Amino acid sequence: MNARFLVDTFSSNPLIRSDRAFGGWYSDNAIASVEKFDPSTNEWRAVASMSKRRCGVGVGVLNNLLYAIGGHDGVSYLNSVERFDPQTNQWVNDIASISSCRTSVGVAVLDGCLFAVGGQDEISCLNIVEKYDPSVQQWICVALMSTKRLGVAVAALDGYLYAIGGSDGQCSLSTVERYNPKANKWSLVSSMNTPRKHLGCVVYNEYIYAVGGRDNTTEL
0 MNARFLVDTF
10 SSNPLIRSDR
20 AFGGWYSDNA
30 IASVEKFDPS
40 TNEWRAVASM
50 SKRRCGVGVG
60 VLNNLLYAIG
70 GHDGVSYLNS
80 VERFDPQTNQ
90 WVNDIASISS
100 CRTSVGVAVL
110 DGCLFAVGGQ
120 DEISCLNIVE
130 KYDPSVQQWI
140 CVALMSTKRL
150 GVAVAALDGY
160 LYAIGGSDGQ
170 CSLSTVERYN
180 PKANKWSLVS
190 SMNTPRKHLG
200 CVVYNEYIYA
210 VGGRDNTTEL
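Just so you know, numbering that gives the first Met the number 0 puts 57 at position 58 of the sequence shown, and the rest follows in order with no gaps.
1. Which term fits Cys-170, buried or exposed, when burial requires 16 or more other beta carbons within 10 angstroms of its beta carbon?
2. Following the continuous beta strand (DSSP E) through Gln-89, name the residue where it begins and the one where it ends.
3. State the DSSP-derived secondary structure class of Ser-26, mapped to helix, strand or coil.
4. Could you give the first and the last residue of the continuous beta strand (DSSP E) run that contains Tyr-131?
5. Which residues does DSSP list as the beta-bridge partners of Arg-284?
6. Just the C-alpha distance for Asn-92 and Val-128, rounded to the nearest angstrom, thanks.
7. For a test of the three-state rule: what should DSSP assign to Thr-102, helix, strand or coil?
8. Which of the three DSSP states, helix, strand or coil, is assigned to Lys-147?
9. Cα separation between Val-188 and Gly-168?
10. Can you tell me where the beta strand (DSSP E) with Glu-42 in it begins and where it stops?
11. Hey, would you say Ser-103 sits closer than 9 Å to Gly-164, going by beta carbons?
12. Is Pro-85 buried or exposed, if buried means 16 or more other CB atoms sit within 10 Å of its CB?
13. Between Ile-68 and Ser-190, what straight-line distance do the alpha-carbon atoms span, to the nearest angstrom?
14. Please identify the residue among Gln-89, Arg-44, Ser-98 and Tyr-76 whose C-alpha is closest to the C-alpha of Tyr-66.
15. Please state if the CB of Leu-149 and the CB of Gly-117 are separated by a distance shorter than 9 Å.
16. Taking DSSP's pairing of strands, which residues face Cys-112 in a bridge?
17. According to DSSP, simplified to helix, strand and coil, what is Arg-3?
18. Using 8 Å for Cβ pairs, my map puts Arg-213 next to His-197. What's the rounded Cβ distance?
19. Taking the DSSP output, what are the residues bridged to Ala-67?
20. According to DSSP, Gln-137 sits in a beta bridge with which residue or residues?
21. Can you tell me the Cα-Cα spacing of Cys-100 and Glu-42, whole angstroms?
22. Give me the residue from Val-58, Ile-94 and Arg-53 with the minimum Cα distance to Ser-75.
23. Classify Ile-94 as helix, strand or coil using the three-state DSSP reduction.
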């Protein structure tokens with residue numbers, strides 16, 4: 000796979016059985032290409048490209064379909080959403096848009112809904128959080144995070160949503176917030192040992208792992 004900047008990936012889903020890399024930044028331009036990794040052959044292969052170039056795109060899996068949310072096409076910030084069906088190898092873009100154009104947005108799935116968390120628009124870093132319910136096919140705003148976060152990692156664990164690290168527009172963050180969907184409320188939990196933005200995260204065996212990223216000076 001060619002070198003990419005701000006590429007978004009998600010860990011393997013037992014129903015999809017591969018990892019995928021979406022969009023990113025290469026040779027001074029945002030890209031639309033998508034690749035999937037087959038662990039049984041240890042190979043990456045190209046699948047259908049998105050309809051738009053997207054750097055800093057948020058990606059989530061819901062009901063065995065892949066969603067690409069927001070990002071930046073190299074010229075403009077995006078609020079559009081695309082959905083990929085691995086069975087047909089096709090993207091559709093008839094999905095409702097998020098309310099604000101933003102890149103470096105975090106995405107996770109909780110209680111059968113997609114959540115788009117934080118990010119950055121053309122003016123500033125954001126603390127906006129939106130939820131997509133596929134049964135009504137629309138996004139609704141939920142409680143704001145206490146801190147603005149771009150390049151935030153998001154994970155769902157035990158009925159809660161976690162917003163991990165990121166940047167407030169000035170500095171990389173070590174703080175972590177947890178969202179309770181029943182109370183529609185965010186609260187601070189234990190911070191990471193290292194401030195970081197544009198990190199990856201994954202849930203495994205009831206633990207959240209925060210991986211890599213960048214602190215205030217260098218890649219981690």
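Cβ atoms here follow ideal geometry from the backbone N, Cα and C, with glycine treated the same way.
In this text, all values refer to a predicted model and were calculated from it rather than measured experimentally.
In this structure, then:
1. Exposed is the call here.
2. From DSSP, the beta strand (DSSP E) with Gln-89 extends over 89-91.
3. Because Ser-26 carries a pLDDT of 49, less than 50, the predicted location of this residue cannot be relied on, and no value is offered for it.
4. Tyr-131 -> beta strand (DSSP E) spans 128-132.
5. Here the chain comprises residues numbered 0 to 219, so residue 284 is not present and cannot be evaluated.
6. Approximately 21 Å between the Cα atoms of the pair.
7. Here Thr-102 sits in strand by DSSP.
8. Lys-147: coil per DSSP, three-state reduction.
9. Each residue's alpha carbon lies about 21 Å from the other.
10. According to the DSSP assignment, Glu-42 belongs to the beta strand (DSSP E) that extends over 42-46.
11. Ser-103 places its beta carbon 9 Å or farther from that of Gly-164.
12. In this structure Pro-85 is buried. Its beta-carbon is surrounded by 16 or more other beta-carbon atoms within 10 angstroms.
13. Each residue's Cα considered, the two are about 27 Å apart.
14. That would be Gln-89, whose Cα lies nearest to the Cα of Tyr-66.
15. Taking 9 Å as the cut-off, the beta carbon of Gly-117 is found closer than this to the beta carbon of Leu-149.
16. In the DSSP output, where bridge partners are listed per residue, Cys-112 has Leu-109.
17. With a pLDDT of 41 at Arg-3, under the threshold of 50, the predicted position of this residue should be treated as unreliable, and no value is reported.
18. Contact holds; Cβ gap of about 6 Å.
19. Paired residues: Val-58 and Glu-81.
20. DSSP lists Asp-132 as partners of Gln-137.
21. When rounded, the distance between both Cα atoms is 34 Å.
22. When C-alpha distances from Ser-75 are compared across Val-58, Ile-94 and Arg-53, the shortest belongs to Arg-53.
23. In the three-state scheme derived from DSSP, where H, G and I count as helix and E and B as strand, Ile-94 is classed as coil.
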